[in-house]
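Worksheet: one structure, shown below.
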Amino acid sequence: MNKTIRRASVFALLLVLALLIRATWVQYYDGQALADDKNNRRNAIETYAEPLGNIIVAGDSVTGSTRTKGGDLAYKRTYKNGKLYAAVTGYASQAYAPTQLEGIYQDVLNGTDNRLKTIMGTVTGKRADPGNVVTTIDPDVQKAAYRALGGNKGAALAIDPKTGKILAVVSTPSYDPTTLTDANTAGTAWKQLNADSDKPLTNRALRQPLPPGSTFKLVVAAAALEDGLYKNVDEHTDSPDPYTLPGTTRVLANENKSAPCKDASIRVALRFSCNNVFGKMAVDLGQDKVKAMAEKFGFNDDKQDVPVRAYASVYPSDMDKAQTALSGIGQFDVTATPLQMAMVSAAIANGGKLVSPHLVSQITDSGGDVLQNYDDGTDSKEIVSSSTAEQLQSAMETVVKDGTGTNALIDGVTVGGKTGTAQHGENNSKTPYAWFTSYGKSDSNGKEVAVAVMVEQSDAARSEVSGNGLAAPVAKAMMQAALK
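Here's what the structure looks like:
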């Protein structure tokens, strides 16, 4: 072999080796990235080649799959009572990334979760039969909240204080997820939903923190009792009325001008929702102690998964004394979700212990065998002592029996609650937010429930917007459904 042929042979061999190395690289290193690429049509084809697994509420599927009439996607997602459960399920779309439980458990529902694989499936590479997601939702509580909110813009959430099970998650106005499932029609629905000023795609129960108003006074009261600033809810406080915000000439007024708020006890101050008491109490405690208590309840937690990631409720830092006073009545930069305020009532109702709230009970395979049980070993932590919890329960029950929360009274049920009407807009120029958080304990069957309701906007006249008028009736309907 002459020198020229030998060199050409070596060069050709190097080219072949380079091609082999590149093919190996693409196959084994770039392959997974290409497979996971959102623009890879094969993923959608494979996902919708067979019916998806289902999301279960009280033993019944609230999702389904139906055969398509054309194209390369054989099936599409369907929903039963889609608007009712949209804040729970989210949507699985041929055109858009899945949301809520559909997104979190996408691998379980499409059969790609490794826990679903059989030995034969591992050998053959065949996709497993999809699994199911069993929720903690009580359909009666969910329906009661949805109906009671009606045409109002708002949200409601219910928790079982003993177990942490979330019994209802409702956000209104809602939307029908079915309109987003078909790639051929989803675009039009998507544009309409995003153009809607009421933002129906926003999960207000979990992902829209707003000023909680006077419902936050429960957190300040808990801090005062735990700190020893006041020994019990019936001890008189040091609370001038009117109370001038420190360093300003602004007076922190009370809604009820004739209420006995001067030096009122915590019980009386909660009953009449005295701003002067809790504004000064927050200043006396100092923002650090109030913040510490708020964070024990769950504020400032940006990793609150239920398992849907909830937006953090916020108690701010670096405030002056006037701002600290305003934070004591749930204003300034304090924000909360209905989830957060339901957690506050749940911890108080449960003797001071907060059981981690969760929306999913079990993950199962197609045959019903449990892959993961979220009801076992649920974490709990002590937020306040049992004596503080008992004191707050007593005061909250006074609010419902004789105070601002009488619309939540239920025969045969011990109800404790707190109203809130949060200012909205510069100089309170916009319609206030109406809040109510409460717990109910059946006197006959031992059942318990904690709820929070927020009405962001309604048809009521501004003068009629209040936690008792708009939010408490929703909470009452939910508690009745949960405790029957």
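Numbering (our numbering), first residue to last: 22 to 505. Cβ atoms here follow ideal geometry from the backbone N, Cα and C, with glycine treated the same way. Keep in mind it's a predicted model, so treat the numbers as computed, not measured.
TODO: Round the Cβ separation of Leu227 and Val472 to the nearest angstrom and send it over; I've been treating them as touching at under 8 Å.
DONE: Counting from one through the sequence shown, the residue named residue 227 turns up at place 206. Counting from one through the sequence shown, the residue named residue 472 turns up at place 451. Leu227 to Val472, Cβ: 14 Å. No contact.
Task: Cβ neighbour criterion (16 or more within 10 Å) applied to Asp432 - done: For the purposes of this step, residue 432 is taken as the residue at position 411 of the sequence shown. With fewer than 16 Cβ atoms within 10 Å of its Cβ, Asp432 is classed as exposed.
Open item on the list: Can you list, in chain order, the residues of its chain with a C-beta nearer than 8 Å to that of Thr442? Leave out the 5 residues immediately preceding and following it.
Closed with: Taking the first residue of the sequence shown as position 1, residue 442 is located at position 421. Taking Thr442 as the centre and dropping the five residues before and after it, the same chain places the C-beta of Gly234, Ser235, Glu276, Pro453, Tyr454, Ala455, Trp456, Val486, Ser487 and Gly488 closer than 8 Å to its C-beta, in chain order.
Open item on the list: Tell me whether the stretch 267-287 and the stretch 202-209 touch, counting them as touching only if at least three CB pairs, one residue from each stretch, are closer than 8 Å.
Closed with: Segments in contact, no.
Open item on the list: Tell me the rounded alpha-carbon separation between Ile287 and Leu491.
Closed with: Within the sequence shown, the letter at position 266 stands for residue 287. Within the sequence shown, the letter at position 470 stands for residue 491. Roughly 24 Å separates the two Cα atoms.
Open item on the list: Which of the three DSSP states is assigned to Glu518 in this structure?
Closed with: Nothing in the structure corresponds to residue 518, since the chain is present only between 22 and 505.
Open item on the list: Using 8 Å for Cβ pairs, my map puts Ala216 next to Thr200. What's the rounded Cβ distance?
Closed with: Working through the sequence shown from its first residue, we reach residue 216 at position 195. Working through the sequence shown from its first residue, we reach residue 200 at position 179. No, Ala216 and Thr200 are not in contact; Cβ-Cβ is about 14 Å, not under 8 Å.
Task: Contiguous beta strand (DSSP E) assignments of at least 3 residues, all confined to the stretch 435-502 - done: The stretch 435-502 contains, as complete beta strand (DSSP E) runs of 3+ residues, the segments 451-463 and 469-478 (chain order).
Open item on the list: Any contact between the stretch 155-170 and the stretch 353-369? By contact I mean 3 or more CB pairs, one from each, below 8 Å.
Closed with: The stretch 155-170, when compared against the stretch 353-369, does not touch it at the 8 Å Cβ threshold.
Open item on the list: Taking DSSP's pairing of strands, which residues face Val175 in a bridge?
Closed with: As a first step, residue 175 must be located in the sequence shown, where it is residue number 154. This sequence places Gly at residue 175; Val is not what is there. DSSP lists Thr193 and Val476 as the bridge partner or partners of Gly175.
Task: 8 Å Cβ shell around Tyr96 - same chain, five flanking residues per side excluded - done: In the sequence shown, the residue the question calls residue 96 occupies position 75. These residues qualify, in order along the chain: Tyr69, Ala70, Glu71, Pro72, Leu73, Ser86, Thr87, Arg88 and Thr89.
Task: Counted within 10 angstroms of its Cβ, other Cβ atoms place Leu35 as buried (16 or more) or exposed - done: In the sequence shown, counting from the first residue as 1, residue 35 sits at position 14. Its Cβ having fewer than 16 others within 10 Å, Leu35 is exposed.
Task: Nearest-angstrom Cα separation, counted from Val436 out to Ala429 - done: Mapped onto the sequence shown, residue 429 falls at position 408. Mapped onto the sequence shown, residue 436 falls at position 415. In this structure, the alpha-carbon of Ala429 lies about 7 Å from that of Val436.
Open item on the list: Using 7 Å as the threshold, is the C-beta distance between Leu231 and Val495 below it?
Closed with: Translated into positions along the sequence shown, residue 231 becomes position 210. Translated into positions along the sequence shown, residue 495 becomes position 474. No, these two residues do not count as a Cβ contact at 7 Å.
Task: Rounded separation between Gly319 and Lys138 - CA only - done: In the sequence shown, the residue the question calls residue 319 occupies position 298. In the sequence shown, the residue the question calls residue 138 occupies position 117. If you take the alpha carbons of Gly319 and Lys138, they lie about 37 Å apart.
Open item on the list: Can you find the residues in the same chain that come closer than 6 Å, C-beta to C-beta, to Leu55, ignoring five residues on each side of it along the sequence?
Closed with: As a first step, residue 55 must be located in the sequence shown, where it is residue number 34. Note that Leu55 scores a pLDDT of 47, beneath 50, so its modelled location is shaky and nothing firm can be said.
Task: For Asn153, the first and last residue of its enclosing beta strand (DSSP E) - done: Translated into the one-based positions of the sequence shown, residue 153 becomes position 132. In the DSSP assignment, Asn153 falls within the beta strand (DSSP E) that extends over Asn153 to Thr156.
Task: Nearest-angstrom beta carbon gap, Thr110 and Val83 [assumed within contact, 8 Å] - done: In the sequence shown, counting from the first residue as 1, residue 83 sits at position 62. In the sequence shown, counting from the first residue as 1, residue 110 sits at position 89. About 6 Å separates the Cβ atoms of Val83 and Thr110, confirming a contact at the 8 Å cut-off.
TODO: For Gln325, I'd like the list of residues in its chain whose CB is within less than 6 Å of its CB, leaving aside the five on either flank, ordered along the chain.
DONE: Translated into positions along the sequence shown, residue 325 becomes position 304. The residues are Ala331.
- [ ] Would you please state the rounded distance, in angstroms, between the beta carbons of Glu469 and Gly175? I believe it to be under 8 Å.
- [x] In the sequence shown, residue 469 corresponds to position 448, counting from 1. In the sequence shown, residue 175 corresponds to position 154, counting from 1. About 24 Å separates the two Cβ atoms, so there is no contact after all.
TODO: Return yes when the Cβ of Val272 is within less than 7 Å of the Cβ of Pro261, no when it is not.
DONE: Taking the first residue of the sequence shown as position 1, residue 261 is located at position 240. Taking the first residue of the sequence shown as position 1, residue 272 is located at position 251. Not closer than 7 Å, so no.
Task: Neighbour-count burial assignment, Ala39, 16 or more Cβ in a 10 Å radius - done: Here residue 39 corresponds to residue number 18 of the sequence shown, with the count starting at 1. Counting Cβ neighbours within 10 Å, Ala39 comes out exposed, since fewer than 16 surround it.
- [ ] Might you give, ordered along the chain, the residues of its own chain that have their beta carbon closer than 7 Å to the beta carbon of Asn253, omitting 5 neighbours on each side?
- [x] Taking the sequence shown and counting its residues from 1, the one referred to as residue 253 is at position 232. The beta carbon of Asn253 lies closer than 7 Å to those of Gln412 in the same chain, with the five residues before and after it left out.
Open item on the list: Considering Cα atoms alone, identify which of Asn102, Gly349, Asp93 and Gly249 is closest to Gly300.
Closed with: Taking the first residue of the sequence shown as 1, we reach residue 300 at position 279. With distances taken between Cα atoms, Gly300 lies closest to Gly349.
Task: Where Ser294 falls, given that 16 or more other Cβ within 10 Å makes a residue buried - done: Walking along the sequence shown from the start, residue 294 turns up at place 273. So Ser294 counts as buried.
- [ ] Tell me whether Asn75 is buried or exposed, calling it buried when 16 or more other Cβ atoms sit within 10 Å of its Cβ.
- [x] Position 54 of the sequence shown, counting from 1, holds the residue named residue 75. Per the 10 Å Cβ criterion, buried.
TODO: Could you spell out where the beta strand (DSSP E) holding Leu375 opens and where it closes?
DONE: Here residue 375 refers to the residue found at position 354 of the sequence shown. Per DSSP, the continuous beta strand (DSSP E) segment holding Leu375 begins and ends at Lys374 to Val376.
Open item on the list: Within 10 Å of its beta-carbon, does Val37 have 16 or more other beta-carbons around it, so buried, or fewer, so exposed?
Closed with: Here the question's residue 37 lines up with position 16 in the sequence shown. So Val37 ends up on the exposed side.
- [ ] Please classify Ile26: does DSSP put it in a helix, a strand, or coil?
- [x] Taking the first residue of the sequence shown as position 1, residue 26 is located at position 5. In this structure, Ile26 counts as helix in the three-state DSSP scheme.
- [ ] Identify which residue in Phe237, Gly373, Ile187 and Ala33 has its Cα closest to the Cα of Ala79.
- [x] As a position in the sequence shown, residue 79 is number 58, starting the count at 1. Residue Ile187 holds the alpha-carbon nearest to the alpha-carbon of Ala79 among Phe237, Gly373, Ile187 and Ala33.
Open item on the list: Contact defined as beta carbons within less than 8 Å: I believe Arg136 pairs with Leu392. What is the distance between those atoms, to the nearest angstrom?
Closed with: On the sequence shown, residue 136 is found 115 positions in, with the first residue counted as 1. On the sequence shown, residue 392 is found 371 positions in, with the first residue counted as 1. Between Leu392 and Arg136 the Cβ distance is about 5 Å, and since that is below 8 Å, they are a contact.
Task: Inter-residue spacing [alpha-carbon to alpha-carbon] between Ala370 and Tyr460 - done: Against the sequence shown, residue 370 aligns to sequence position 349. Against the sequence shown, residue 460 aligns to sequence position 439. Spanning the two alpha carbons is a distance of roughly 6 Å.
Task: Three-state class that DSSP yields for Arg271 in the structure shown - done: Counting from 1 along the sequence shown, the entry for residue 271 is found at position 250. Here Arg271 sits in coil by DSSP.
Task: Thr356 in three-state terms, based on DSSP - done: The residue given as residue 356 occupies position 335 in the sequence shown. Note: Thr356 maps to strand in three-state DSSP.
Task: Val298 versus Asn224: straight-line alpha-carbon distance, rounded - done: Stepping through the sequence shown from its first residue, residue 298 is reached at position 277. Stepping through the sequence shown from its first residue, residue 224 is reached at position 203. Using only the alpha carbons, I get a separation of about 34 Å.
TODO: Output yes or no for whether 7 Å exceeds the beta carbon distance between Asp197 and Lys104.
DONE: Sequence index remark: in the sequence shown, residue 197 carries index 176 (1-based). Sequence index remark: in the sequence shown, residue 104 carries index 83 (1-based). With a cutoff of 7 Å on beta-carbon distance, Asp197 and Lys104 are scored as near each other.
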